[in-house]
């Protein structure tokens with residue numbers, strides 16, 4: 211392929227990954243909730259892995275001396291590439307459990323370690339089968355995560371927003387695990403050459419690129435549409451004139467937590483959605499709503515909406 215085209219292609223990928231990483235980091239620094247900060251941090255790390263991996267691959271495509279040394283090292287097992295896989299697999303696992311509101315189990319950590327150690331084993335160096343077995347566990351891991359995410363999306367133990375993303379991620383992950391495996395099989399056994407005297411190895415997987423591009427676009431969609439920092443959150447209200455709301459809260463002496471919940475009530479969020487966004491139990495949310503009703507002397511949400519509407523009119 212023309213080096214100019216390769217350079218432009220790599221540059222566009224890096225721009226996309228870097229943009230997604232930058233927005234994720236901005237969300238990390240803005241978030242007050244510890245769990246959301248952890249989410250944005252791991253998401254940032256995941257896209258940093260994309261950047262590092264693509265940077266290494268682009269160097270093998272554009273710098274002949276680097277490609278020669280890297281490919282020779284890889285045939286003896288590349289610790290850098292293996293570490294990139296380990297970091298990526300961990301991020302995938304962590305993000306899956308965060309979105310599905312479950313905890314990582316001990317056996318999953320052991321499985322991650324087993325895959326990492328297996329990839330470091332010097333199995334029959336300089337052969338197609340050795341390279342195929344090197345990549346295979348990661349594609350199986352990806353496919354299994356996709357199945358688990360899709361299955362979790364069918365359970366009503368998480369919010370509708372989380373189920374939506376689990377379904378999309380599950381479908382993308384499973385489909386691309388098959389596509390990546392198919393591309394690897396063809397390239398490794400029919401294109402690459404692993405001769406000690408003359409090796410020719412294609413390090414780029416276009417299926418992986420399309421997969422990472424899809425995840426980047428999905429992350430950007432989340433940031434712009436569903437991120438709690440941009441839509442319906444305690445820190446970014448649909449009603450942009452927040453000064454009235456602050457005055458309203460102070461007038462009725464709402465506590466900080468009651469203010470957060472009242473903001474979401476006025477954004478017409480249901481109790482389950484409020485609980486999801488603030489990481490509270492539904493029972494705790496109901497208790498705070500009851501206290502808000504007492505302080506504002508209302509009995510139902512419609513009366514609270516009306517009270518706030520009249521308050522705005524009176525203070526405009």
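Numbering (the numbering used here), first residue to last: 211 to 526.
Quick reminder that beta carbons are idealized off the backbone N, C-alpha and C, glycines included.
A quick note: this is a predicted structure, and the numbers were derived from the prediction, not measured.
So, under 8 Å CB-CB, residue i and residue j are touching, yes? Tell me the CB distance rounded to an integer number of Å.
i           : j           : result
residue 498 : residue 463 : Actually they are not in contact, since the Cβ atoms of residue 498 and residue 463 sit about 14 Å apart, beyond 8 Å.
residue 261 : residue 224 : 6 Å
residue 472 : residue 459 : 7 Å
residue 220 : residue 433 : Actually they do not touch by this definition, with Cβ atoms about 24 Å apart.
residue 437 : residue 386 : With a Cβ gap of about 24 Å, residue 437 and residue 386 do not count as contacting.
residue 390 : residue 402 : Between residue 402 and residue 390 the Cβ distance is about 15 Å, and since that is not below 8 Å, they are no contact.
residue 342 : residue 398 : 5 Å
residue 474 : residue 484 : 5 Å
Over the uninterrupted alpha helix (DSSP H) stretch that includes residue i, give me the two end residues.
i           : result
residue 311 : Looking at the DSSP string, residue 311 is not in any alpha helix (DSSP H), and its letter there is neither H nor E.
residue 392 : 370–400
residue 411 : Per DSSP, residue 411 belongs to no alpha helix (DSSP H) and is neither H nor E.
residue 327 : 316–330
residue 352 : 338–363
residue 431 : 416–431
Sorted by chain position, which residues of the same chain lie with C-beta nearer than 6 Å to residue i's C-beta, five sequence neighbours on each side aside?
i           : result
residue 382 : 424
residue 345 : 394
residue 249 : 308
residue 227 : 257, 260 and 261
residue 413 : 267 and 270
residue 222 : none
residue 490 : none
residue 493 : none
Keeping to the same chain, check which residues put their C-beta closer than 7 Å to that of residue i; ignore five residues upstream and five downstream.
i           : result
residue 496 : 481
residue 506 : 462, 514 and 517
residue 217 : 272
residue 384 : 353, 356, 357 and 360
residue 230 : 257, 426, 429 and 430
residue 362 : 310 and 376
residue 294 : 259, 262 and 263
residue 232 : none
residue 512 : none
residue 415 : 390, 393 and 394
residue 252 : 301, 304 and 305
residue 450 : Note that residue 450 has pLDDT 44, beneath the 50 cutoff, so the model's placement of it is unreliable and the number below is only indicative. So the list is empty, once near-sequence residues are dropped.
residue 456 : none
Grab me the residues of residue i's own chain with a C-beta within less than 8 Å of its C-beta, minus the 5 sequence neighbours each way, in chain order.
i           : result
residue 314 : 303, 304 and 307
residue 235 : 250 and 254
residue 486 : 368, 369, 371 and 372
residue 214 : none
residue 212 : none
residue 247 : 238 and 241
- Three or more beta-carbon pairs under 8 Å between the segment 303–310 and the segment 359–375, yes or no? yes
- the segment 318–329 / the segment 485–504 touching (three or more Cβ pairs under 8 Å): no
- Message: Could you check whether the segment 229–243 touches the segment 294–304, counting it as contact only if at least three pairs of C-beta atoms, one from each stretch, sit closer than 8 Å?
- Response: In short, these stretches do not touch, since the Cβ pair count stays below three.
- Just list the alpha helix (DSSP H) runs in the segment 471–511, keeping only unbroken ones of 4 residues or longer that don't cross its boundaries, in chain order. Listed in chain order, the complete alpha helix (DSSP H) runs (minimum 4 residues) inside the segment 471–511 are 481–488 and 492–506.
- Message: To test your reading of the DSSP string, which unbroken alpha helix (DSSP H) runs of 4 or more residues are found completely within the segment 232–275?
- Response: 244–272
- Message: Counting beta carbon pairs with one atom in the segment 342–356 and one in the segment 371–387, are three or more of them shorter than 8 Å?
- Response: yes
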